[in-house]
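Take a look at the structure below.
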Amino acid sequence: MGSRNVRHALAIAALLLGIHGAQATPGAVDEARIIGADGEPGNWLAHGRTYGEQRFSPLDSINVDTIGKLGLAWYADLGTRRGLEATPIVVDGVIYTTGDWSRVYAIDAASGKTLWTYDPKVPRAWGVNACCDVVNRGAAVWKGRVYVGTIDGRLIALDAATGQLVWETLTIDPSKPYSITGAPRIVKDKVIIGNGGAEYGVRGYVSAYDANTGQMVWRFWTVPGDPAKGFESPDMEMAAKTWNPAGEWWNKGGGGGTVWDSMAYDPDLNLLYVGVGNGAPWNRWERSKAEGDNLFLSSIVALDPDTGRHVWHYQTTPSETFDYTATQHMILADITLGGQLRKVIMQAPKNGFFYVLDRATGQFISAENYVHVTWATHVDPATGRPVESDPNQYRDEKKLIFPAPFGGHNWQPMSYSPLTGLVYIPAQDLPFTYAQEKGFKYGRHPWNMAVDMAAAMPPAGQDPALTRNVMRAIAKGHIGAWDPVAQKEVWRVQHDGPWNGGMLSTAGNLLFQGNAKGELVAYRADNGQRLWSAPTQSGIVAPPVSYAVDGEQYVAVMVGWGGALGLAGGIAPREGDQVGGRLLAFKLGGSAQLPPAPPPPVLPQPPAQTASADTIGKGDALYHAYCSVCHGLNAESPTLADLRYMQPATHELFDKIVLDGLYKDLGMVGWSKYLSADDAHAIHAYLIERAHQTQREQAGGWWLGVKNWAYGVLAKLIAWFIQITA
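Encoded structure:
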């Protein structure tokens, strides 16, 4: 009997002989249960349901024939106001999930009743080190414990029955701007966790901790450190040969390469796969003098989970210079290629190409672009390397490039259906204007990318209504149903905007996705036909899951708008920021109703504008350089405080808030290290101007309708021109 059959037989035996004992202990998940997950499809035991991370549910009571009867079973208000990105884990009738600021919840899966909550009390000031909102993508459950990483870099183990702290350990150097937003994975009693922070200046790694004690077992560094100090392993010595020491990356951002999201595990091959992020700084001319591939940036790396040693790697974007991470969701599957059944790993990373690799060896099989791509012409089938369209890219002049740093696909998980043979990608078409930052100096700005972000911002003084229309015309998202064998798109569902939720496919021939408009939608998995939707009152970025209690199937999803583009783009429904975060569960015949959404906030009367046009223009530029990444383009934010709506008392305290950190315990630290009093005055003047502009817009009038119509037409022309010329 082969090793795979032995493992499956043991898993089934464990389920048959020990299921009653397992159910008696909350959170009693182990390797045998995850390997045998198809034998208990009513649970969602691991981040992607199985170690292979396919996000396919074998449940089929909710199907194309019954979907019309799907209704809300219950909702749980979580008391959150930021982005919710977690994949709920469901074990024996209990949901374990996470919210903003790394809070953890245990919820009855049939009723929605909260069983316990745990707040790790992350210092709110640490939120400044989280590039893309204070989100968390979920917990892991193992042998009666719940494990979660926190924004401030701790790994925490909780008792699954009570939520009481069992142990915690610090996984980072607290003097560095690291963060954790990803979900841990557990393999062979080892909790695997990475971190984020490359934009702020850190060196990446992934670590394994003993699930019982919290002691570190191994650490794999993803980029080399200072060559003068030697290397931690032969793996780092090998990687260092692909970097140019003249770039002094260890002093200019640490190199980056953070493992901030995706992992997968093959128990038969005993290989752990991790996705590695972008370089720090982004700009390869600053980081490594544009020499060498800079391993293991933007790579899929296969590790021995027992030792943490490198087995193989494949780099999706050699010498990356665009923030094209390879941390996006990875899927393991066995598919037939050229008449041969192959064990493959599949990924659609930020760079716009869909990759199929042999997961035993890392051998390149195929890659084709799944979105519009201009940075490269294709991936060479002989070498597996991308062929860049211009080796200088944006070194000498600014250049509009597809995809944007947000990626053709970001962290929102894909799904693979073994019934249709398709991978469902939450994709997006977004361009970005890259330009080299002149005179880059590490530490001059909290974001250390050596890229001139002003080149990508709307021109100072541009009418915000035009910016808004152009954004909506250019930034498009879609579901791409991708055939990994033929390497082509089979069908597409076009969305009005980008940054939609992750995917779930089921044996009922259904595909579920939440979207930025505030809907959970079900499609036919074979052809993309829209079959059902439910309003959720806030944009969705998290992926749905499906589970069963007492034989009744549910579909559940975390609802809470936020994340990188959710913060910066300002494109979600305004009512969403008043509702707060929720977990919604749907079932056939469900009849629960969400309470009415509160009315939009009322714009307070802004102070009189006394600043000059030059000061307002300066504030516009400074705001978009330092503030827009959290508070939105043109100060339009559906997630954080919308600064156009500041109360009179807030205006009075503006300098104390912005410069002195009066609200640091709320997450707004002081910026006196980067901004002067005159700078703060200019930003304040710009925000006052935006409040007056908004007041005029809300007053309406026939001219406003004409202006918006004209801007809409102009925006479509601009989008068309960009698409054909980029």
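Residue 706 in my numbering sits at position 567 of the sequence shown, and the numbers go up by one each step. Idealized CB from N, CA, C, for every residue including glycine.
Range of the contiguous beta strand (DSSP E) that encloses residue i
{"i": "Phe725", "result": "Arg721 to Leu727"}
{"i": "Met697", "result": "Glu691 to Val698"}
{"i": "Pro274", "result": "One point to set straight first is that residue 274 is Val, not Pro, in the sequence displayed. Neither: Val274 is in no beta strand (DSSP E) and is coded neither H nor E."}
{"i": "Leu826", "result": "Premise fails: Leu826 lies in the alpha helix (DSSP H), Ala816 to Ala838, not in any beta strand (DSSP E)."}
{"i": "Trp255", "result": "Thr253 to Tyr257"}
{"i": "Trp638", "result": "Here Trp638 belongs to no beta strand (DSSP E), and DSSP marks it neither H nor E."}
{"i": "Met596", "result": "Run containing Met596: none; DSSP gives neither H nor E here."}
{"i": "Pro444", "result": "No beta strand (DSSP E) contains Pro444, which DSSP labels as neither H nor E."}
{"i": "Ala506", "result": "Phe503 to Asn508"}
{"i": "Arg324", "result": "Arg324 to Val326"}
Integer Cβ distance of residue i from residue j, believed to fall under 8 Å
{"i": "Asn549", "j": "Gln676", "result": "Actually they are not in contact, since the Cβ atoms of Asn549 and Gln676 sit about 23 Å apart, beyond 8 Å."}
{"i": "Gly187", "j": "Pro557", "result": "Not a contact, Cβ separation roughly 14 Å."}
{"i": "Asn433", "j": "Ser458", "result": "5 Å"}
{"i": "Gln193", "j": "Tyr555", "result": "5 Å"}
{"i": "Gly283", "j": "Pro165", "result": "7 Å"}
{"i": "Pro637", "j": "Gly616", "result": "4 Å"}
{"i": "Leu442", "j": "Phe359", "result": "6 Å"}
{"i": "Ala215", "j": "Arg721", "result": "6 Å"}
{"i": "Val168", "j": "Trp281", "result": "5 Å"}
{"i": "Val362", "j": "Ala279", "result": "At roughly 26 Å, the Cβ-Cβ gap does not stay under 8 Å, so Val362 and Ala279 are not in contact."}
{"i": "Phe793", "j": "Trp621", "result": "The pair is not a contact, with the Cβ atoms about 49 Å apart (cut-off 8 Å)."}
{"i": "Met469", "j": "Ala566", "result": "Their Cβ separation, rounded to whole angstroms, is 16 Å, which puts Met469 and Ala566 out of contact at 8 Å."}
{"i": "Trp514", "j": "Ser528", "result": "6 Å"}
Contact under 7 Å by Cβ, residue i with residue j
{"i": "Gly302", "j": "Leu294", "result": "no"}
{"i": "Leu650", "j": "Tyr563", "result": "yes"}
{"i": "Gly414", "j": "Arg426", "result": "no"}
{"i": "Pro406", "j": "Ile228", "result": "no"}
{"i": "Gly719", "j": "Trp700", "result": "no"}
{"i": "His790", "j": "Pro746", "result": "yes"}
{"i": "Gly394", "j": "Gly705", "result": "no"}
{"i": "Ala687", "j": "Leu198", "result": "yes"}
{"i": "Val495", "j": "Val483", "result": "yes"}
{"i": "Pro881", "j": "Val698", "result": "Residue 881 lies beyond the range of the chain shown here (140 to 865); nothing can be said about it."}
{"i": "Arg121", "j": "Asp759", "result": "Because residue 121 is not part of the residues shown, which for the chain are 140 to 865, the question remains open."}
{"i": "Gly416", "j": "Thr381", "result": "no"}
{"i": "Asn666", "j": "Trp630", "result": "yes"}
{"i": "Ala593", "j": "Pro420", "result": "no"}
Residue range of the unbroken alpha helix (DSSP H) whose run includes residue i
{"i": "Ser845", "result": "In the sequence on display, residue 845 carries Val and not Ser. Taken as a continuous stretch (DSSP letters only), the alpha helix (DSSP H) holding Val845 covers Trp841 to Thr864."}
{"i": "Pro525", "result": "Careful: Pro525 lies outside any alpha helix (DSSP H), inside the beta strand (DSSP E) at Pro525 to Glu527."}
{"i": "Trp550", "result": "Counting along the chain, Trp550 falls outside any alpha helix (DSSP H), and DSSP gives it neither H nor E."}
{"i": "Lys795", "result": "Phe793 to Val797"}
{"i": "Gly702", "result": "Gly702 to Gly708"}
{"i": "Trp424", "result": "Arg423 to Arg426"}
{"i": "Ile174", "result": "Glu170 to Ile174"}
{"i": "Pro373", "result": "Pro373 to Ala379"}
Reduced DSSP category for residue i - H, G, I as helix; E, B as strand; rest coil
{"i": "Ile311", "result": "coil"}
{"i": "Ser767", "result": "helix"}
{"i": "Tyr802", "result": "coil"}
{"i": "Val615", "result": "Reading off the sequence, residue 615 comes out as Lys, not Val. It is a strand residue."}
{"i": "Ser401", "result": "coil"}
{"i": "Tyr662", "result": "strand"}
{"i": "Trp671", "result": "strand"}
{"i": "Arg713", "result": "Confidence is the limiting factor: at Arg713 the pLDDT is only 47, short of 50, which leaves the residue's position unreliable, though a coordinate-based value still follows. It is coil, neither helix nor strand."}
{"i": "Lys577", "result": "coil"}
{"i": "Glu775", "result": "coil"}
{"i": "Ala731", "result": "coil"}
{"i": "Met610", "result": "helix"}
{"i": "Ala646", "result": "coil"}
{"i": "Gly160", "result": "Caution applies to Gly160, whose pLDDT of 38 falls short of 50 and renders its modelled position unreliable; the value that the coordinates give is listed next. Three-state DSSP puts Gly160 in a helix."}
{"i": "Asp436", "result": "According to the sequence shown, residue 436 is Leu rather than Asp. The answer is coil: DSSP assigns Leu436 none of H, G, I, E or B."}
{"i": "Ala752", "result": "helix"}
{"i": "Arg188", "result": "coil"}
{"i": "Gly93", "result": "Given a span of 140 to 865 for the chain in the structure shown, any question on residue 93 remains unanswerable."}
Contact test: residue i Cβ vs the ligand NAP heavy atom, cutoff 6 Å
{"i": "Tyr784", "result": "Ligands in the displayed structure: none, and consequently the ligand NAP is not present."}
Is it true that the region 487 to 499 meets the region 538 to 549, where meeting means three or more beta-carbon pairs spaced less than 8 Å apart?
Output reads yes: the region 538 to 549 touches the region 487 to 499.
Can at least three beta-carbon pairs, one atom from the region 591 to 607 and one from the region 617 to 627, be found at a separation below 8 Å?
The region 591 to 607 is not in contact with the region 617 to 627.
Counting Cβ pairs closer than 8 Å, one from the region 811 to 820 and one from the region 256 to 276, do we hit at least three?
Put simply, the region 811 to 820 does not touch the region 256 to 276. Fewer than three CB pairs are less than 8 Å apart.
Is the region 314 to 323 close to the region 331 to 342, with three or more CB pairs under 8 Å?
Result yes; three or more Cβ-Cβ pairs closer than 8 Å.
Count Cβ pairs between the region 240 to 251 and the region 747 to 760 that sit closer than 8 Å; are there 3 or more?
Touching, no.
The region 778 to 795 contacting the region 822 to 842, beta-carbon criterion three pairs below 8 Å:
With the rule of 3 Cβ pairs closer than 8 Å, the region 778 to 795 counts as touching the region 822 to 842.
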